[in-house]
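One structure is given below, encoded as structure tokens.
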Amino acid sequence: EAGVAQSPRYKIIEKRQSVAFWCNPISGHATLYWYQQILGQGPKLLIQFQNNGVVDDSQLPKDRFSAERLKGVDSTLKIQPAKLEDSAVYLCASSSSGGASSEQYFGPGTRLTVT
Amino acid sequence: GQSLEQPSEVTAVEGAIVQINCTYQTSGFYGLSWYQQHDGGAPTFLSYNGLDGLEETGRFSSFLSRSDSYGYLLLQELQMKDSASYFCALNNAGNMLTFGGGTRLMVKP
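So the sequences go chain by chain: A and B.
Quick note on numbering: the first sequence equals residues 1 to 115 in this note's numbering.
Quick note on numbering: the second sequence equals residues 1001 to 1109 in this note's numbering.
Spelled out as structure tokens, the structure:
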């Protein structure tokens, strides 16, 4: 079974530029998550989708971050405009359901550097 | 809000047993999960405790005590490949995870 796919793997941009990340979850997984992981810290949940609906986006900085999952499969996360503090690894994860004990499968992440 | 605390770093020798502790503060949660992450890699699921007590999966065991707001991950027969970061995480409604800061485990020969 193919894992969670993410692209690009690396991205370097200047502050105030925009950037987009793409994620394709494991086939059949209804729940998709985006996390931000700053170097040396644990992942921080940004947004959770169940199919194509948002379950929780309380930690998403909505003035600059947006995410969508239009057809309930793949998803994009956008930052516009980027700030220096957005430098991090952006991880996408999926699970078969939103049940409390469902294992989350993580993709390899996109490492973003904002200069 | 929720918060979790873990030691930042632990060192052990190959073949030994190591315990990584996790204390948390929360008004409610469903369970405690553990994830492993190698440098530059993706987090991978290790275990989940929904109830108090010990869960065993091969060389790894995890424990939860809700009354003590405490859990731990026990790794036995350490191997060099176990050198990685280990994260405890609180499972909330909808399977939303709140992660701790992680413990970097270094296994020495």
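Idealized CB from N, CA, C, for every residue including glycine.
Remember, predicted model here, so these are calculated numbers, not experimental data.
Residue from the options with nearest C-alpha to residue i
{"i": "residue 1046 of chain B", "options": "B/1060, B/1028, B/1031, B/1030", "result": "B/1060"}
{"i": "residue 57 of chain A", "options": "B/1032, B/1096, B/1107", "result": "B/1096"}
{"i": "residue 51 of chain A", "options": "A/69, A/6, A/77", "result": "A/69"}
{"i": "residue 32 of chain A", "options": "A/22, A/48, A/42", "result": "A/48"}
{"i": "residue 1040 of chain B", "options": "A/108, A/71, A/14, A/79", "result": "A/108"}
{"i": "residue 6 of chain A", "options": "A/41, A/112, A/18, A/24", "result": "A/24"}
{"i": "residue 29 of chain A", "options": "A/89, A/41, A/102, A/88", "result": "A/102"}
{"i": "residue 1019 of chain B", "options": "B/1027, B/1087, B/1002", "result": "B/1087"}
{"i": "residue 1071 of chain B", "options": "B/1109, B/1083, B/1054", "result": "B/1054"}
{"i": "residue 114 of chain A", "options": "A/66, A/71, A/67, A/18", "result": "A/18"}
{"i": "residue 104 of chain A", "options": "B/1103, B/1106, B/1105, B/1090", "result": "B/1090"}
{"i": "residue 99 of chain A", "options": "B/1101, B/1085, B/1031, B/1001", "result": "B/1031"}
{"i": "residue 1015 of chain B", "options": "B/1082, B/1004, B/1023, B/1068", "result": "B/1082"}
{"i": "residue 85 of chain A", "options": "A/65, A/55, A/27, A/106", "result": "A/65"}
Segment limits, beta strand (DSSP E) that includes residue i
{"i": "residue 1029 of chain B", "result": "Premise fails: residue 1029 of chain B is in no beta strand (DSSP E) and is neither H nor E."}
{"i": "residue 45 of chain A", "result": "44-50"}
{"i": "residue 1065 of chain B", "result": "1060-1065"}
{"i": "residue 24 of chain A", "result": "19-24"}
{"i": "residue 78 of chain A", "result": "75-79"}
{"i": "residue 1025 of chain B", "result": "1018-1025"}
{"i": "residue 11 of chain A", "result": "10-13"}
{"i": "residue 68 of chain A", "result": "65-68"}
6 angstroms CB neighbourhood of residue i in its chain, flanking five on each side removed
{"i": "residue 20 of chain A", "result": "76, 78"}
{"i": "residue 89 of chain A", "result": "37, 109, 111"}
{"i": "residue 1017 of chain B", "result": "1076"}
Nonlocal neighbours in the same chain, by C-beta distance under 7 angstroms from residue i, ignoring five residues either side
{"i": "residue 59 of chain A", "result": "44, 45, 46"}
Own chain partners of residue i with C-beta closer than 8 angstroms, once the 5 adjacent residues on each side are dropped
{"i": "residue 1005 of chain B", "result": "1022, 1023, 1024, 1100, 1101"}
{"i": "residue 2 of chain A", "result": "26, 27"}
Where residue i meets chain B, residues with beta-carbon distance less than 8 angstroms
{"i": "residue 56 of chain A", "result": "1094, 1096"}
{"i": "residue 109 of chain A", "result": "1042"}
Partners in chain A for residue i, counting only beta-carbon separations shorter than 9 angstroms
{"i": "residue 1100 of chain B", "result": "42"}
Contact list for residue i against chain B, beta-carbon separation under 7 angstroms
{"i": "residue 112 of chain A", "result": "Under the 7 angstroms cutoff, chain B gives no residues; its nearest Cβ is about 14 angstroms from residue 112 of chain A."}
9 angstroms Cβ cut-off: residues of chain B touching residue i
{"i": "residue 115 of chain A", "result": "Per Cβ cutoff of 9 angstroms: no residues; residue 115 of chain A is ~21 angstroms from chain B at best."}
8 angstroms Cβ cut-off: residues of chain A touching residue i
{"i": "residue 1045 of chain B", "result": "103, 104, 105"}
Stretch-stretch touch, CB-based, cutoff 8 angstroms, three pairs: the region 79-96 of chain A with the region 32-44 of chain A = yes
Would you check if there are 3 or more beta carbon pairs closer than 8 angstroms linking the region 9-18 of chain A to the region 1078-1095 of chain B?
-> no
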